[in-house]
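Step one of this worksheet: look at the structure below.
Protein chains in written order, with the working numbering: chain S, 0 to 117; chain H, 169 to 284.
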């Protein structure tokens, strides 16, 4: 069964703190993604990775960084948390397949981490 | 490049039908449909790849138009369990989006509430 886990369901941090959000998948997927989800804005891509040690910026990378040292683990880092980073963070993974590198496989999501920055 | 979903919200009585649309200004490579219940992760419903494609089953199905710029999700004879927010995730065709490893751009979602 497909499984994507995230380290915390709820997290409360103070402004300026360094925050680590961890995501682990057990499906041997090449691609991993971090999104944030805010009411009325839908899912917005922060960063994604298609291989170990590889990363690509998504639509809203400012204020975030990522790390992918192992295939199954993708970490999102908030270097200095701010109140506007209060959000639901969702991790997803997918298999890399398809002609010319286009991914025809869907993404599987973790349960999400609801982060509150005070 | 974010696809436009409509309607933003819909309220149904059990047994009624609904259509949710997902539109792009440019041709798409694929459309992925998800449903998310409150407090849970989005769950994959189906993927459409070919223009003119229609797939799914009797109760929940989807179509992808010939130009591959619009997809519709059809919910027939809705049940209480259909309640949730429906998202389309779109993947751009190579000519319009230079170099992707398969990341999806999601619409803002359509909140569906089914009442007894």
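Backbone N, C-alpha and C fix where the C-beta goes; we use that ideal spot for every residue, glycine too.
Contacts of residue i in chain S (Cβ-Cβ under 7 Å)
i: residue 271(H); result: 32, 44, 47 and 57
i: residue 232(H); result: Correct list: empty, because the minimum Cβ distance to chain S is about 13 Å.
Selected residue, minimal CA-CA separation from residue i, among the options
i: residue 106(S); options: 30(S), 35(S) and 76(S); result: 30(S)
i: residue 253(H); options: 194(H), 193(H), 206(H) and 238(H); result: 206(H)
i: residue 89(S); options: 2(S), 37(S), 108(S) and 78(S); result: 108(S)
i: residue 189(H); options: 242(H), 273(H) and 219(H); result: 242(H)
i: residue 79(S); options: 10(S), 7(S), 8(S) and 18(S); result: 18(S)
i: residue 63(S); options: 34(S), 112(S) and 38(S); result: 34(S)
i: residue 201(H); options: 248(H), 281(H) and 173(H); result: 173(H)
i: residue 46(S); options: 113(S), 57(S) and 16(S); result: 57(S)
i: residue 41(S); options: 217(H), 281(H), 271(H) and 257(H); result: 257(H)
i: residue 61(S); options: 50(S), 51(S), 76(S) and 48(S); result: 76(S)
Within chain S, the residues that residue i reaches when beta carbons sit closer than 8 Å
i: residue 200(H); result: 105 and 106
Which of helix, strand or coil DSSP assigns to residue i
i: residue 251(H); result: coil
i: residue 82(S); result: helix
i: residue 272(H); result: coil
i: residue 265(H); result: Note that residue 265(H) scores 41 on pLDDT, short of 50, meaning its location in the model is unreliable; the coordinates nonetheless yield the value given after this. Residue 265(H): coil per DSSP, three-state reduction.
Residues that residue i contacts on chain H, provided the C-beta gap is smaller than 8 Å
i: residue 115(S); result: Within chain H, no residue comes near residue 115(S); the closest Cβ sits about 15 Å away, beyond 8 Å.
i: residue 89(S); result: 209 and 210
Status (buried if at least 16 other CB within 10 Å, exposed otherwise) for residue i
i: residue 115(S); result: exposed
i: residue 177(H); result: exposed
i: residue 5(S); result: buried
i: residue 263(H); result: At residue 263(H), the pLDDT of 42 sits below 50, so the modelled position is not reliable and the matter cannot be decided from this model.
i: residue 92(S); result: buried
i: residue 197(H); result: buried
i: residue 204(H); result: buried
Under 8 Å between C-beta atoms of residue i and residue j
i: residue 230(H); j: residue 185(H); result: no
i: residue 179(H); j: residue 276(H); result: no
i: residue 233(H); j: residue 219(H); result: yes
i: residue 25(S); j: residue 68(S); result: no
i: residue 239(H); j: residue 199(H); result: yes
Cross-chain neighbours of residue i in chain H, by beta carbon under 7 Å
i: residue 111(S); result: 209
i: residue 41(S); result: 255, 274, 275, 276 and 277
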